[in-house]
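This report refers to the structure that appears directly beneath it.
2 protein chains.
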Amino acid sequence: MSVDDEALPERSRRRRPPKPHAAGVKAVAAAAGVSLGTVSNVLNRPEVVSPLTRAKVEAAMASLGFVRNESARQLRAGSSRILAYLMLDAGNPFFTDVAKGVEEAAQAAGLSVFLCNSSEDVDREAAYLDLLEQQRVQGILITPIDQNSARLRKLPSRGTPVVVVDRAIDDAEHCSVAVNDVLGGELAISHLLELGHERIAYVGGPNTIGQVIDRRDGARRALQTAGKPLTNLIELTTGALTVAEGRGAGQRLAGLPADRRPTAAFCANDLLALGLLQQCVSLGLRVPEDLAIVGYDDIEFAEAAAVPLTSVRQPRQLLGRTAAELLLDESSNPDHEHQRVTFTPELVVRTSTRGTL
Amino acid sequence: MSVDDEALPERSRRRRPPKPHAAGVKAVAAAAGVSLGTVSNVLNRPEVVSPLTRAKVEAAMASLGFVRNESARQLRAGSSRILAYLMLDAGNPFFTDVAKGVEEAAQAAGLSVFLCNSSEDVDREAAYLDLLEQQRVQGILITPIDQNSARLRKLPSRGTPVVVVDRAIDDAEHCSVAVNDVLGGELAISHLLELGHERIAYVGGPNTIGQVIDRRDGARRALQTAGKPLTNLIELTTGALTVAEGRGAGQRLAGLPADRRPTAAFCANDLLALGLLQQCVSLGLRVPEDLAIVGYDDIEFAEAAAVPLTSVRQPRQLLGRTAAELLLDESSNPDHEHQRVTFTPELVVRTSTRGTL
DNA sequence: CGCTGTGGATGAAAGGTTTCAAGAGCGTTC
DNA sequence: GAACGCTCTTGAAACCTTTCATCCACAGCG
Chain A
119 MSVDDEALPE
129 RSRRRRPPKP
139 HAAGVKAVAA
149 AAGVSLGTVS
159 NVLNRPEVVS
169 PLTRAKVEAA
179 MASLGFVRNE
189 SARQLRAGSS
199 RILAYLMLDA
209 GNPFFTDVAK
219 GVEEAAQAAG
229 LSVFLCNSSE
239 DVDREAAYLD
249 LLEQQRVQGI
259 LITPIDQNSA
269 RLRKLPSRGT
279 PVVVVDRAID
289 DAEHCSVAVN
299 DVLGGELAIS
309 HLLELGHERI
319 AYVGGPNTIG
329 QVIDRRDGAR
339 RALQTAGKPL
349 TNLIELTTGA
359 LTVAEGRGAG
369 QRLAGLPADR
379 RPTAAFCAND
389 LLALGLLQQC
399 VSLGLRVPED
409 LAIVGYDDIE
419 FAEAAAVPLT
429 SVRQPRQLLG
439 RTAAELLLDE
449 SSNPDHEHQR
459 VTFTPELVVR
469 TSTRGTL
Chain F
119 MSVDDEALPE
129 RSRRRRPPKP
139 HAAGVKAVAA
149 AAGVSLGTVS
159 NVLNRPEVVS
169 PLTRAKVEAA
179 MASLGFVRNE
189 SARQLRAGSS
199 RILAYLMLDA
209 GNPFFTDVAK
219 GVEEAAQAAG
229 LSVFLCNSSE
239 DVDREAAYLD
249 LLEQQRVQGI
259 LITPIDQNSA
269 RLRKLPSRGT
279 PVVVVDRAID
289 DAEHCSVAVN
299 DVLGGELAIS
309 HLLELGHERI
319 AYVGGPNTIG
329 QVIDRRDGAR
339 RALQTAGKPL
349 TNLIELTTGA
359 LTVAEGRGAG
369 QRLAGLPADR
379 RPTAAFCAND
389 LLALGLLQQC
399 VSLGLRVPED
409 LAIVGYDDIE
419 FAEAAAVPLT
429 SVRQPRQLLG
439 RTAAELLLDE
449 SSNPDHEHQR
459 VTFTPELVVR
469 TSTRGTL
């Protein structure tokens with residue numbers, strides 16, 4: 119779905135200087151006239167070395183352009199100062215907000231965060247998990263595509279703590295931090311039912327993603343609670359949770375004859391909802407008069423949409439922060455107990471369902 | 119600007135199993151009844167080891183749950199299979215699109231990408247640069263906050279190739295891939311001038327960011343070209359390039375008496391523009407009748423906004439892909455020459471300036 | 001004057017992998 | 001039947017840092 123136009127760029131060339139060679143602890147020690155161990159002490163326990171020697175060593179490091187080799191450090195010391203968040207979709211502002219929370223907590227603990235993006239691709243997810251395990255990162259935060267993956271369950275037993283983010287998992291291997299998606303689905307559909315809608319579309323997919331399933335189940339439950347038949351929920355399965363797929367769904371929806379077309383749509387996330395909204399509006403449907411729309415996540419752009427979007431809000435940053443804190447606890451506290459933390463979502467009603475009052 | 123509500127979560131606890139211990143090449147060799155070297159060969163040059171031995175070794179690896187220690191590998195082999203993209207703001211969809219292009223190119227070359235987020239914070243940027251250098255990543259792609267940073271210029275001479283993304287830099291140290299921001303600014307303002315606007319606001323900041331400066335300079339140049347005084351450009355400086363700051367600017371703008379208020383605003387990016395738009399609309403200004411708005415980047419959400427946004431489009435993914443390709447060339451091709459690639463932006467006109475036709 | 005304590009520096013070992021020259025086993029060829 | 005080639009395997013060195021027990025010099029003290 120790239121909008122890149124292959125504009126012909128101008129290029130300008132320059133020669134490059136010869137390849138350099140790195141200086142190690144040994145070189146620094148020689149330059150400063152001290153031993154290897156002393157240089158290491160300056161690096162790791164500066165307080166035990168006398169100010170004079172320390173100054174000499176630091177001068178030598180500066181003049182040689184010494185850069186500590188983290189591989190060697192980690193190999194010997196055995197520990198990494200890095201935490202990874204493997205995101206489901208970096209293009210979804212929801213996850214970048216979660217990431218913000220993760221970074222916040224990590225920074226407070228003096229760790230750095232590497233972000234990885236699986237783009238809803240199972241193979242990429244697997245490749246990143248392997249890579250991160252091999253890197254011996256301090257821990258992995260992940261919003262998984264398939265939370266039952268064997269690979270995922272094996273990691274903690276091999277020494278890499280894993281915290282599942284935005285999915286509740288009830289197994290003995292990891293902590294998880296989630297928002298009650300079933301409840302979120304119920305909130306959305308109850309709202310639509312209260313407004314008098316009968317035929318409601320559920321737009322989401324693929325059905326391997328836990329969030330998609332739970333939100334649909336919540337939708338169904340709301341119908342049951344209200345004593346409506348499940349056939350009132352028309353499912354439109356998408357290939358991914360993106361704006362483009364949302365547009366596709368909009369196309370399909372708008373193509374239905376008016377008497378069979380749902381009067382409302384509940385989308386598994388805001389990206390789908392925004393795409394759906396855009397497409398429907400451009401095809402001449404009025405929102406919410408012809409079609410009411412509810413999204414999910416309440417991303418920043420939901421409020422600024424063509425028709426401000428009713429959405430199910432989740433505590434995004436808090437989600438990330440909490441997950442990171444659990445991970446940190448797991449990797450530092452010997453008495454750590456795995457936890458399953460569940461937050462409660464909240465419906466934010468805007469024009470896309472309520473109309474202008 | 120978090121919308122997190124500190125909803126009280128439910129927590130459930132579980133005991134965790136005892137700590138495991140990792141198996142190395144040595145253990146695998148022993149289990150398979152072969153030598154160290156052979157295990158290493160299975161890992162790195164499977165074709166040279168006989169199918170039988172290979173099978174034995176692989177069985178041993180599986181049963182021991184062997185995970186290669188990447189630190190040790192890298193220490194010995196000297197090379198990393200990782201590429202990093204240090205983003206200016208992971209919350210801006212523009213940069214995640216660029217990242218997508220980077221990932222694409224990296225995957226094609228069999229490398230993995232770690233994303234890092236400086237969040238427009240100089241200290242975080244510096245910390246990540248140090249970290250990545252110590253990690254000996256294969257190369258760094260960066261959209262810098264301050265492109266004249268000494269740290270940035272020192273990296274390549276110490277062996278870590280750096281490509282600057284979305285900034286043109288004319289020095290001998292790195293390649294850069296950029297879009298002509300001055301031209302982009304000109305396009306935006308020329309368009310507004312053609313529509314008859316006289317007093318135009320430029321919304322952007324902080325002024326340490328190159329993109330902000332260039333786009334403003336382009337704006338000024340367009341005024342000069344049209345023979346208008348520079349005082350027609352009213353600068354509203356923001357603290358960051360975010361939706362929230364855009365709302366703040368909207369507040370300031372809407373607060374001006376109508377006869378002194380600009381009739382159009384050009385924002386340094388779409389996030390600002392969307393915030394501005396939202397705030398102005400909610401304060402009762404009509405867009406584009408009372409205030410025309412032009413954004414920059416043409417992110418996916420620009421088209422779906424309350425009033426579809428006129429914006430300056432850049433080839434986002436292509437930018438990332440090209441940058442990654444330059445980096446790969448630099449780290450693998452001994453005859454590499456640094457290049458400065460510049461793409462051309464394009465104005466996309468929508469309702470926020472043109473009105474509904 | 002000899003002993004102890006102390007702040008600081010030292011040197012060697014260790015950590016897990018890759019590399020590479022050398023070796024082992026075995027079938028072919030003359 | 002000896003020499004050769006071939007395929008596969010081996011063992012040890014090397015990568016760079018951290019750690020820790022040891023050592024040194026010197027001050028204070030009895």
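Here the protein sequences come in this chain order: A and F.
First residue of the first sequence: 119, per my numbering; consecutive thereafter.
First residue of the second sequence: 119, per my numbering; consecutive thereafter.
C-beta atoms are modelled at their ideal positions from N, C-alpha and C, and glycine is treated no differently.
This one's a predicted model, so the numbers in the text were calculated from it and none came from an experiment.
Coil, strand or helix - residue i by DSSP
{"i": "residue 437 of chain A", "result": "helix"}
{"i": "residue 457 of chain F", "result": "strand"}
{"i": "residue 474 of chain F", "result": "coil"}
{"i": "residue 356 of chain A", "result": "coil"}
{"i": "residue 338 of chain A", "result": "helix"}
{"i": "residue 404 of chain F", "result": "coil"}
{"i": "residue 463 of chain F", "result": "coil"}
{"i": "residue 281 of chain A", "result": "strand"}
{"i": "residue 469 of chain A", "result": "helix"}
{"i": "residue 314 of chain F", "result": "coil"}
{"i": "residue 384 of chain F", "result": "strand"}
{"i": "residue 241 of chain F", "result": "helix"}
{"i": "residue 186 of chain A", "result": "coil"}
{"i": "residue 249 of chain A", "result": "helix"}
{"i": "residue 289 of chain F", "result": "coil"}
{"i": "residue 424 of chain F", "result": "coil"}
{"i": "residue 332 of chain F", "result": "helix"}
{"i": "residue 413 of chain A", "result": "strand"}
{"i": "residue 302 of chain F", "result": "helix"}
{"i": "residue 431 of chain F", "result": "strand"}
Listed by chain order, chain F residues near residue i by CB distance under 7 Å
{"i": "residue 334 of chain A", "result": "Residues of chain F passing the Cβ test: none, with the nearest at roughly 22 Å."}
{"i": "residue 189 of chain A", "result": "189, 192, 193 and 254"}
{"i": "residue 443 of chain A", "result": "Here the premise fails: no neighbours, minimum Cβ distance about 12 Å."}
{"i": "residue 221 of chain A", "result": "235"}
7 Å Cβ cutoff met for residue i and residue j
{"i": "residue 321 of chain A", "j": "residue 398 of chain A", "result": "no"}
{"i": "residue 372 of chain A", "j": "residue 401 of chain A", "result": "yes"}
{"i": "residue 234 of chain A", "j": "residue 202 of chain A", "result": "yes"}
{"i": "residue 179 of chain F", "j": "residue 152 of chain F", "result": "no"}
Residue range of the beta strand (DSSP E) that includes residue i
{"i": "residue 162 of chain A", "result": "No beta strand (DSSP E) holds residue 162 of chain A; the alpha helix (DSSP H) holding it covers 154 to 162."}
{"i": "residue 231 of chain A", "result": "230 to 235"}
{"i": "residue 327 of chain F", "result": "Unbroken run through residue 327 of chain F: none, as it is neither H nor E."}
Contacts that residue i makes with chain A (C-beta to C-beta distance below 8 Å)
{"i": "residue 211 of chain F", "result": "209 and 211"}
{"i": "residue 186 of chain F", "result": "252"}
Span of the alpha helix (DSSP H) around residue i
{"i": "residue 366 of chain F", "result": "361 to 372"}
{"i": "residue 147 of chain F", "result": "143 to 150"}
{"i": "residue 215 of chain A", "result": "211 to 226"}
{"i": "residue 378 of chain A", "result": "Taken as a continuous stretch (DSSP letters only), residue 378 of chain A belongs to no alpha helix (DSSP H), as it is neither H nor E."}
{"i": "residue 201 of chain A", "result": "Careful: residue 201 of chain A lies outside any alpha helix (DSSP H), inside the beta strand (DSSP E) at 200 to 205."}
{"i": "residue 259 of chain A", "result": "Run containing residue 259 of chain A: none in the alpha helix (DSSP H); it sits in the beta strand (DSSP E), 257 to 260."}
{"i": "residue 275 of chain A", "result": "268 to 275"}
{"i": "residue 420 of chain F", "result": "418 to 421"}
Neighbour list for residue i in chain A, Cβ cutoff strictly below 7 Å
{"i": "residue 343 of chain F", "result": "Going along chain A, no residue has its Cβ under 7 Å from residue 343 of chain F, so there is no contact; the nearest lies around 21 Å."}
Contact list for residue i against chain A, beta-carbon separation under 9 Å
{"i": "residue 246 of chain F", "result": "230"}
{"i": "residue 472 of chain F", "result": "By Cβ distance, chain A contributes nothing, its closest Cβ being about 16 Å from residue 472 of chain F, past 9 Å."}
{"i": "residue 183 of chain F", "result": "272, 275 and 276"}
Residues that residue i contacts on chain F, provided the C-beta gap is smaller than 8 Å
{"i": "residue 234 of chain A", "result": "230, 231, 232 and 233"}
{"i": "residue 386 of chain A", "result": "The contacting residues do not exist; residue 386 of chain A stays about 17 Å from chain F at best."}
Contact between the region 220 to 235 of chain A and the region 302 to 313 of chain A is defined here as three or more beta-carbon pairs at a separation below 8 Å; is this criterion met? Here the region 220 to 235 of chain A does not lie against the region 302 to 313 of chain A, with fewer than 3 beta-carbon pairs under 8 Å apart.
Counting beta carbon pairs with one atom in the region 256 to 268 of chain A and one in the region 166 to 178 of chain F, are three or more of them shorter than 8 Å? no
Segment contact, 8 Å Cβ cut-off, at least three pairs: the region 359 to 371 of chain F with the region 175 to 188 of chain F: Result no; under three Cβ-Cβ pairs closer than 8 Å.
Could you tell me whether the region 389 to 397 of chain A touches the region 444 to 462 of chain A, using the rule of 3 or more Cβ pairs below 8 Å? Too few Cβ pairs lie closer than 8 Å, so no.
Closer than 8 Å is the cut-off here; do at least three beta carbon pairs connect the region 249 to 256 of chain A with the region 282 to 299 of chain A? Flag = no, the region 249 to 256 of chain A and the region 282 to 299 of chain A do not touch.
Should the region 241 to 248 of chain F be regarded as contacting the region 318 to 337 of chain F, the criterion being three or more beta carbon pairs within less than 8 Å? no
Contact between the region 415 to 432 of chain A and the region 201 to 212 of chain A: three or more CB pairs below 8 Å? yes
Is it true that the region 418 to 430 of chain A meets the region 463 to 470 of chain A, where meeting means three or more beta-carbon pairs spaced less than 8 Å apart? yes
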